[in-house]
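What follows is a set of notes on a single structure, which appears directly below.
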Amino acid sequence: MTEYGPGISCIVPAYNEGPRIAAVLSALAAHPQIDEVIVVDDGSTDETAAVAEAAEGVRLIRQWPNGGKTAALATGIAEAAHSHLLFLDADLLGLRASDITALVEPVLGGHAEMAISLRRNAPKLWHWIGIDYISGERALHRDLISDRLDELRGLPRFGFEVWMNQLCLARRARIAVVHWPDVNSPLKARKFGWIAGLRADAGMIADLLRSASPLTLARQIAGMARLRI
Numbered sequence: 050m051t052e053y054g055p056g057i058s059c060i061v062p063a064y065n066e067g068p069r070i071a072a073v074l075s076a077l078a079a080h081p082q083i084d085e086v087i088v089v090d091d092g093s094t095d096e097t098a099a100v101a102e103a104a105e106g107v108r109l110i111r112q113w114p115n116g117g118k119t120a121a122l123a124t125g126i127a128e129a130a131h132s133h134l135l136f137l138d139a140d141l142l143g144l145r146a147s148d149i150t151a152l153v154e155p156v157l158g159g160h161a162e163m164a165i166s167l168r169r170n171a172p173k174l175w176h177w178i179g180i181d182y183i184s185g186e187r188a189l190h191r192d193l194i195s196d197r198l199d200e201l202r203g204l205p206r207f208g209f210e211v212w213m214n215q216l217c218l219a220r221r222a223r224i225a226v227v228h229w230p231d232v233n234s235p236l237k238a239r240k241f242g243w244i245a246g247l248r249a250d251a252g253m254i255a256d257l258l259r260s261a262s263p264l265t266l267a268r269q270i271a272g273m274a275r276l277r278i
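Every letter in the sequence shown is one number past the one before it in my numbering, and letter 16, counting from 1, is 65.
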């Protein structure tokens with residue numbers, strides 16, 4: 050069995066996020082609680098890899114061709130050296146070091162098995178419920194998922210968060226919801242243009258529904274809300 054050293058490995062999956070990823074890596078740079086930053090460039094055709102490679106303290110892993118977010122995260126987890134994992138999307142706007150601290154502290158302090166962000170521009174319904182069940186920003190001890198990692202390669206391209214939700218529910222894992230009042234995730238239409246953005250959104254929704262039925266997703270949301278601390 051592989052033994053992992055104490056500390057936090059941060060995994061940033063990225064696809065064509067050249068204009069945005071530098072800000073995320075800047076927030077991570079020299080953060081006292083982050084021991085390793087891994088960027089998995091998922092077949093980008095822009096300057097994503099070059100920006101990540103130029104960032105101080107970042108380990109860049111290139112995978113080709115584009116395999117989707119789940120595959121990129123699986124690659125990053127397999128390479129991560131530490132006991133705790135932090136997942137961050139590469140396109141976050143307004144992320145600060147203090148936001149990262151707020152996300153990892155509930156897990157490091159033993160108050161929760163997983164912490165999940167609630168960004169400023171998350172859908173209003175998620176704010177009303179009090180949890181964004183498909184947030185890509187999560188902190189956890191790797192033991193929460195380590196015995197099920199072989200399942201990742203069989204998931205849809207954007208099935209990772211739904212898969213992780215199901216594990217949390219099965220294990221009654223305590224969930225800390227961390228509000229990020231100054232952090233936004235840009236709309237895909239803003240990043241890629243309306244047509245490409247709508248196509249990307251449609252693909253993500255299709256993957257969610259391939260991962261779980263609408264009823265199962267609704268049950269996930271309700272169950273996760275009950276597990277909040």
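Even for Gly, the Cβ is constructed at its ideal location relative to N, Cα and C.
This structure is a prediction, so every number in the text was calculated from the model and none was measured.
query	result
Cβ pair count under 8 Å reaching 3, the region 51–64 against the region 123–130	yes
Check whether MET163 and LEU193 have beta carbons under 8 Å apart	yes
CA-to-CA distance, ILE178 to PHE136, given in whole angstroms	22 Å
Runs of beta strand (DSSP E) lying entirely within the region 182–238, each at least 3 residues, in chain order	187–190 and 224–229
Cβ pair count under 8 Å reaching 3, the region 67–87 against the region 138–158	yes
Sequence-distant residues of its chain with Cβ nearer than 8 Å to LEU276 (five each side left out)	CYS217, LEU218, ARG221, ALA222, ARG223 and ILE224
ALA267 burial status per 10 Å Cβ neighbour count (16 or more: buried)	exposed
Same chain only: Cβ atoms within 8 Å of ARG169, ignoring 5 sequence neighbours per side	GLY143, TRP229, PRO230, ASP231, VAL232 and ASN233
For GLN269, the three-state DSSP class (helix, strand or coil)	helix
Other residues of its chain near GLU96: CB distance less than 7 Å, five sequence neighbours each side excluded	GLY67
Proximity of SER166 and GLY56 at Cβ, strictly below 8 Å	no
Alpha carbon of LEU257 to alpha carbon of GLY54, nearest angstrom	33 Å
Nonlocal neighbours in the same chain, by C-beta distance under 6 Å from TRP113, ignoring five residues either side	GLY92
Other residues of its chain near ILE278: CB distance less than 8 Å, five sequence neighbours each side excluded	PRO155, HIS160, ALA161, ARG223, ILE224 and ALA225
Unbroken beta strand (DSSP E) run spanning ASP90, endpoints	85–91
Burial state of ASP90 (16 or more Cβ within 10 Å)	buried
Spatial neighbours of LEU141 in its chain, beta-carbon cut-off 7 Å, leaving aside the 5 residues before and after	VAL73, VAL232 and SER234
Beta-bridge pairing of ARG277 - partner residues as DSSP gives them	ILE224
Residue from LYS240, ASP138 and ALA245 with nearest C-alpha to PHE209	ASP138
Proximity winner among LEU134, ASP181 and GLY242, relative to VAL211 (alpha-carbon distances)	ASP181
C-alpha gap between GLU52 and SER75, whole angstroms	29 Å
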